[in-house]
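Take a look at the structure below.
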Amino acid sequence: MKQAGSAADPLWFKDAIIYELHVKAFADANNDGIGDFQGLLGKLDYLQELGITCIWLLPFFSSPLRDDGYDIADYLTVHPSYGTLEDFQTFLHAAHDRGLQVMIELVVNHTSDQHAWFQRARLAPPGSPERDYYVWSDTDKKYQDARIIFTDTEKSNWTWDPVANAYYWHRFFSHQPDLNYDNPLVMQEVLNIMRFWLDMGVDALRIDAIPYLVERDGTNCENLPETHAVMKRIRAEIDAHYEGRVILAEANQWPADVRPYFGDGDECHMAFHFPLMPRMYMALRQEDRLPITEIMGQTPAIPENCQWGLFLRNHDELTLEMVSEEERDYMYLAYSADPRMRINIGIRRRLAPLLDNNRRRIELLNSILFSFPGTPILYYGDEIGMGDNIYLGDRNGVRTPMQWTADRNAGFSRAVPAKLYSPVVMDPIWGYEAINVEAQQGDSSSLLNWMRNLIALRKLFRVFGRGSLKFLHPSNRKVLAYIREDGGETVLCVANLSRFAQPAQLDLSEYDGMIPVEMLGYVEFPRIGKLPYAVTLAPYGFLWLELHPSQDTVEVQSNEAALMVADGSDWRSLLEGANLRKLEQFILPAYIPRQRWFGNKSSTIAATRIWDWTALEGSGTIICLVEVEYDTGKFDRYLVPLTLAFGSSAQTLRDDAASSILWSALSPAGEGVLYDATYDAAFCQRLLRLISGSAEAAMQHGKLRGSPSSILSGLLVAQKKDDQQGLVPRHGSAEQSNTSVIFGNRLILKLFRHPESGLNPDCEIGRFLTEESRFPNIPPFGGSIEYLREGEEPATLAMLQGLVENQGDGWKWMLEELERYYETYGKEMLPAEEAATLAYRGPIPDGARASAFACDHAGVALQAAAMLGRRTAEMHRALVAPDSATPDLQQSFSAEPLSHEDLLGLQLAINDQATQAYALLRKSMSLLPEDAVEVGAFLLSRRTRTLEDLEQAKSGGSSQAQFETEIYGAKTRIHGDYHLGQVLRVKTDFVILDFEGEPARSLEARRAKHSPLKDVAGMLRSFNYAAWAALMRYSSRRPDDEAHLEPWARLWDYSVSAEFLHSYRETMAGSRLLPANASGFRALLNLYLLQKAFYELLYELNSRPDWVKIPLMGIQSLL
Amino acid sequence: MAETEVLQEQAPETGPIGRADLLVAVAAPADSEVLAVARERVAEASRLLASPCNVVFALPGETRSSVPRILDPIDAGDSMRSLQYVNYVLPGSDPAAMPWLAESELYRAVFSLAGELYARACTVLGTGPGSNRGSMPIEKLVMLLGPGLEGNFDLVMPIYTPQAYEDLVNKSILYPLTRALYGNRVRHPLANELQVSSRLIAPLSSSAGKDLGRQQARLLWPATTAVARNLRMCQVHIGPRPVQAHEGIELSDALAQLVGPLFVDMEDNATLWQRVRGSHDVPAFGTAEPPLKPTEEVDVRPMLEAFQLGVRNLREIWSLVLPPITLLELRKLSHASAEEFRLPDALWARIIYDFALASRLRNIRRAHLFGALTPLYLGWAASYAMEINRAGFTASEERLETLARTYEAEKPYLLSRWRWPDRFHP
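Those sequence lines, one after another, are chains A and B. To convert, count from 1 in the first sequence and add 42; that's the numbering used here. To convert, count from 1 in the second sequence and add 519; that's the numbering used here.
Following this line, the structure appears as structure tokens:
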């Protein structure tokens, strides 16, 4: 039986407010000048009233105290200055009685050199288990790549021990030898320590210095796989024997490097977000939100059961390890004018002195801390704005006694002042007579009362601890604005980082109709509309606004009861009377816009109507075609299969697939849910049978018809032979405009949620390539389900394909290759001769190949690109119907000459797109990221000329003349939306996916014929994107490497593109599909590249400004 | 018919207590005659339930039965229906001194028994000395036994026949406050009769948490737990509420015992009620009855005098709880003549909200808090009585609805005060 913790909710830490304190510094009950547990016990009421929910105790174990207790000499006893083990237990129980959790330190990277283990080890013979509790070496040259952390005091990570006659390893002070986790006895000792405290009832463990637990030669000895194995072992022990306990990781690393410490939710529950903290101070001083938004942009998603720990200050220096050198210099200049304020790589000051004791700045940073995704951690004394003492050594200046009253020793102790472990702060501004708890308790406007109110407010809203984060992008960068969302809770936070009042226009159109209510005072703000929402903020002001549905919606919701049905098979009553009205007027209009497959998110739904439906026999499911009418008068149709579940099935859906639920249902048997039937195995099986059996199902007005391909029976037989799982369906995770259902490991069924009348190109091409051309490098087409209705063209509702085992899509695969490429060459300069080649800007020259140097350095990617070029060419050849094909196929798949009109159309399209893109670029210049401004300005400066060139080309200028002398090749069916995300890496080959075209276009446009070079251009742009996207990702962690990696990115892009093109042209040799000569090939390809790049520019400006540099550079290279 | 109603007891069996579909309990002391009537009615009602079920009838006794005893196969032709009974011991709290504490203990005893019997539903037939104990009309009794069994409702609350001058704490505070907080129009949130389903039995009878006051609050206000767990509620019109005279109890003690737990509940459920906007009806079964005609007129003078005395003597304490604008209003009211005296609803709602906040902030000691509320409550009662005297007793329900809506309208005041308590308040 597992031992429960003091909190009922296992995820309590997500909603926690953690308060960090040192027992010695908090309250002294026995008047010996040092704080103790009895003193802390007496202050629990204060902490409870403050509203914090978890107390984090700094080390209180037996120790020589050469590193403030982080040098532990005995893990299982309390340092006598702080009390006894019984005192700790009394404190622990008292805290639990008040509903407070307790976190203690597990400092197990190292011990004190006074620990019995170390004393025993230095005397033990080399190689003995006792000796191997620590890391020894005969030389101090081992692990040379490991950095020194305490640069101010330590010159090496090795120290000579004359007793052991060997060097011992230490990442911190030389009196703190590192434990050796390669010795299984050490792991056992650590688990014993952990069990000792958890058995006592401790709720959480902060694991100190996690990245350094294990050492390996040839590495920097940080974040090694072996370290993760240690953490998994610790976590497994906790999960096996305890409930509601938490591990907090101290890993002062970049977010991407900390992310592995969460594992798959099976390592640490929490980890500090170190790089955010200095950037909050930087953003405040620079009056610019970018430092914050950038670091949050680099912060990866973490498992559902994990949480970031956020803080403004703690017991150490304000660490500047996770900033660039330039940023570090800035921080030193901005926040530590006196060199005494600096230590190691950081600033040893408290919150209030850092902010010049400005109350509004303190409140602003706390407002961000308390509203960002993570658990806020307060450092003792910061709630009253305590000061520091920079004249004390090490980090002791921020560890002075808590200031309780204006009495002697700040009310901390009644000992004679000289006996205190540290002098209290006494200067006129920060001294205890000016700043103390008692005075602030009596002052309702004090910082203490403000903090208490803020804490209470945060605790009212689960969204702060558990919700998602989305930044808004007001043009005024002095304003930081973000949305937090969790379930039905939506909170808008806006902060003014400037010392002057600031306006901001927020794009809240997504929340049209909602009413912001200021959370502190419950003040209703004007309703949100489609136009930008204007707010004005006082200097350092902030707003927390809860977005409420309008009162009209509330009335409707409150009056909407569950759907009333007789039982789980009573689908008919769903489509009658009050249930039908509810479904059409309320449930579907609320459900459909929330779905990823809903394509028209910018429109407002005016009404929905069940246009046609059928109940699938034997599955208890209804398939509905829902007509969605917009306020513009236009309408779409969507495929919505629905079914009911009750009892434990309903509960499982609520727990595991809440997004599938449309509404609650009620029957005499109890509560249930109406949900998306694609989550129902029986329904999915029924669809499969509809296809495999060539079956039909009548609907109210039309009918469904299943059509297997000629190879489906082969796919099903193969499944029976080698797949033991059978065809068990599961809902696919990557839902886009369609929904996918995967059967066993063999088949995938794609449901087209927005079925359109007419041939679906994905089905049409899939069937053609499978049955006619027998092109092997696509997922084999298995069949389809069509909707037939008199007077209308058939509409494809679903397509079945064989499932291809793969190593991920081409985009992901290439990014991983690039990650390795940058990692390997990140420190090297590209040789001058290679760099000179790359000075050339523009499209790939004819016949270009990757250099030998490039082959040596990016060989795997180059081979893959060549293979992809070959498969692309083979696909284009296979997309042309042979002469023997049926007339219908001939019409759809024959190659036709590319005419002047086609070219004119293409040029017109590019011209339009360029005009739009330039207009938007001009409007957005102030929003561009720093690194895109220059190239953006350059392009704008050439705008007129470019547009004139394009106009000339369209109206018969030089380009036209050029084309008239060329043979343009042919137009035929192509992929249409070709990029790395549309191919799967299968061993050393590729499989090409998704012939649906761009879903936003009409079926007619998606089935139109084009030159195959359009696909080629798409893939070349995709290579370019991959090279720069990977560089952006890499350099976000290592900004100093970015400048000299840019030539490496160009080399990769150039070489991969060259190999792709070479292989493509070689495979297409002799084909009449392409322009007959090189200049025609090049001119046409350039046009398609330009079209694609302008399209990308528009997209990035609208949706992803951080990436805008990529298409800008692409366009620049083409002009 | 008469024959089947004869209760035939079987010898007590030993062994673990069995299972029941429905536990029906009389939760008040009663003599054998009263209990015999109750048995008869429960048997009759059990026969009329739509779903056949095994009913266990719990009766107060000297000792506790170890196992239910068969009373009667209530329908010879239907082996699925049975009626058994158990004895259980009433908790020993003195209802005279602490009536609502005793009531919460009664609930706990009954719900614990229901938990042991794995009952799908549990109906309590009256707590307190004057309660119904099953004496209500049979059709109302059936309504109080059925819903939990069918699975459609987790909490069945009573609606008593309105009485113009009775039940004033409920009218002035309990009903409008709980309605504004949680959005459900549960007419009598503090009930003497009710039914809970198995989904509510466990959380209500849980002794988790060491704070006894909070446990009592949970038991007295089951509707709050139902709302917190998103469970379904309905109400049943069950006729007049027997008069429950709690002689000897100071009004301030009564307020502390009734309103105090509600304020505690507000602290625990702040995240819940702060998201509720507006209110909606809770389905009610049965026929609403017109208000009962009062037997005598109310003399408001002593109440007004108590209010005026409060204004004179309690200003200092009130100033710890109420903002200056409210204090000013109260002072003006104290100068009004008896005929002119009227405590506006908005002012009253804000006063209650401010007292709830003071309870949370522990501004003053609890006993003083409710002592300070008492003259204000009497002022409201006097104001209300005079209005009803003028408008006629049949207007009392409309008057109550107006007050409840005002509580809802003033809820933003509570939210702003609660979220950002600041003495510098207008």
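Ideal Cβ positions, reconstructed from N, Cα and C, are used throughout, including at glycine.
Within the segment 861-893 of chain B, not one residue has a Cβ closer than 8 angstroms to any Cβ of chain A. Just measuring C-alpha positions, the residue of A:242, A:157, A:45 sitting nearest residue 132 of chain A is A:242.
With respect to chain A, the C-beta atom of residue 668 of chain B has no partner C-beta closer than 8 angstroms. Restricting attention to B:800, B:934, B:633, B:943, the CA atom closest to the CA of residue 702 of chain B is found in B:800. About 7 angstroms separates the Cβ atoms of residue 142 of chain A and residue 90 of chain A, confirming a contact at the 8 angstroms cut-off. Exclusion of the five residues before and after residue 512 of chain A leaves 525 as the residues of its chain whose Cβ lies within less than 6 angstroms of its Cβ. Secondary structure of residue 941 of chain B (DSSP, three-state): coil. Of all C-beta pairs linking the segment 600-610 of chain B to the segment 569-579 of chain B, three or more are shorter than 8 angstroms, placing the two stretches in contact. Interface flag for residue 931 of chain B against chain A is set, since a Cβ pair is found closer than 8 angstroms.
The beta carbons of residue 697 of chain B and residue 708 of chain B sit closer together than 8 angstroms. Rounded to the nearest angstrom, the Cβ distance from residue 717 of chain B to residue 638 of chain B is 7 angstroms, consistent with a contact under 8 angstroms. At a cut-off of 8 angstroms between beta-carbon atoms, residue 838 of chain B makes no contact with chain A. With respect to residue 672 of chain B, residue 751 of chain B sits close: the two C-beta atoms are nearer than 8 angstroms. Judged by DSSP secondary structure, residue 561 of chain B falls within the alpha helix (DSSP H) whose first and last residues are 551-567. Among the residues of the segment 577-591 of chain A, those with a Cβ less than 8 angstroms away from any Cβ of chain B are 590, in the order of the chain. Secondary structure note for residue 248 of chain A: its beta strand (DSSP E) is the uninterrupted segment 246-249. The shortest CA-to-CA distance from residue 426 of chain A to any of A:77, A:523, A:92, A:702 is the one to A:92. Residue state for residue 147 of chain A is assigned as strand, using DSSP reduced to three classes.
At a beta-carbon threshold of 8 angstroms, the residues of chain B lying near residue 502 of chain A are 789, 790, 793, 938, ordered along the chain. If you check the CB distance, residue 238 of chain A and residue 99 of chain A do not come in under 8 angstroms.
Closest option to residue 615 of chain A, judged by alpha-carbon separation, among A:1122, A:686, A:822: A:686. Using a 10 angstroms sphere on the CB of residue 624 of chain B, the tally of other CB atoms reaches 16 or more, which defines it as buried. Taking residue 520 of chain A as the centre and dropping the five residues before and after it, the same chain places the C-beta of 329, 330, 331, 538, 539, 540, 544 closer than 8 angstroms to its C-beta, in chain order. Residue 929 of chain B has its alpha-carbon roughly 21 angstroms from the corresponding atom of residue 897 of chain B. Residue range 116-120 is occupied by the beta strand (DSSP E) that includes residue 116 of chain A. Looking at A:138, A:59, A:108, the one whose alpha-carbon comes closest to that of residue 83 of chain A is A:138. Listed along chain A, no residue sits closer than 8 angstroms to residue 725 of chain B by beta-carbon distance, the nearest being about 11 angstroms off. Looking at the DSSP output, residue 773 of chain A shares a beta bridge with A:783. Collapsing the DSSP output to three states places residue 44 of chain A in coil.
Among the residues of chain B, those whose CB is under 8 angstroms from the CB of residue 499 of chain A are 938, 939, following chain order.
Taking the beta carbon of residue 934 of chain B as reference, the chain A residues within 7 angstroms of it are 564, listed in sequence order.
Annotation: residue 843 of chain A is outside any alpha helix (DSSP H); the continuous beta strand (DSSP E) that includes it extends over 837-844. Between the segment 1018-1036 of chain A and the segment 1063-1074 of chain A there are three or more inter-stretch CB-CB distances shorter than 8 angstroms, so the stretches are counted as touching. The continuous stretches of alpha helix (DSSP H) do not include residue 688 of chain A, which lies in the beta strand (DSSP E) extending over residues 677-688. Within chain A, the residues 486 have their CB atoms less than 7 angstroms from the CB of residue 942 of chain B, given in chain order. Three or more Cβ pairs closer than 8 angstroms define a contact, and the segment 945-961 of chain A meets that threshold against the segment 1128-1136 of chain A.
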